[in-house]
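If you use the working numbering, the sequence shown corresponds to residues 3 to 62, in order. Notes follow once the structure below has been shown.
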Amino acid sequence: MSSSVLNVEKLSIAYDGKRGWQSAVDGVSLTVAEGEALGLVGESGSGKSSVAMAILRYLP
Numbered sequence: 003m004s005s006s007v008l009n010v011e012k013l014s015i016a017y018d019g020k021r022g023w024q025s026a027v028d029g030v031s032l033t034v035a036e037g038e039a040l041g042l043v044g045e046s047g048s049g050k051s052s053v054a055m056a057i058l059r060y061l062p
């Protein structure tokens, strides 16, 4: 049985802009097991980079 090396539950990200707070990601959950690869796929502007930046703790 592989152990989990990454576990994200109910990740939500919003950015403060000219029109107030805009949701970029809402309720994303994922688990990556040891030895497993995960790819984030989605349309432009769907929040893939925001999810990656949050996982890496690059967002304030």
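Every residue gets a Cβ at the ideal spot worked out from N, C-alpha and C, and that includes glycine.
* Asked: Can you tell me whether Ser6 is buried or exposed, with buried defined as 16 or more other CB within 10 angstroms of its CB?
  -> exposed
* Which same chain residues, not among the five before or five after Val27, have their C-beta less than 7 Å away from its C-beta? -> Leu13, Ser14, Ile15, Gly49, Ser52, Val53
* To do: Using only alpha-carbon positions, find the residue among Tyr60, Ala56, Pro62, Ser4 that is nearest to Tyr31.
  => Strictly speaking, residue 31 in this sequence is Ser, with Tyr absent from that position. Comparing Cα positions, the closest option is Ala56.
* Just the Cα atoms here: how many angstroms apart are Thr33 and Leu40? -> 9 Å
* Under a three-way DSSP split, which group does Lys20 fall into? -> coil
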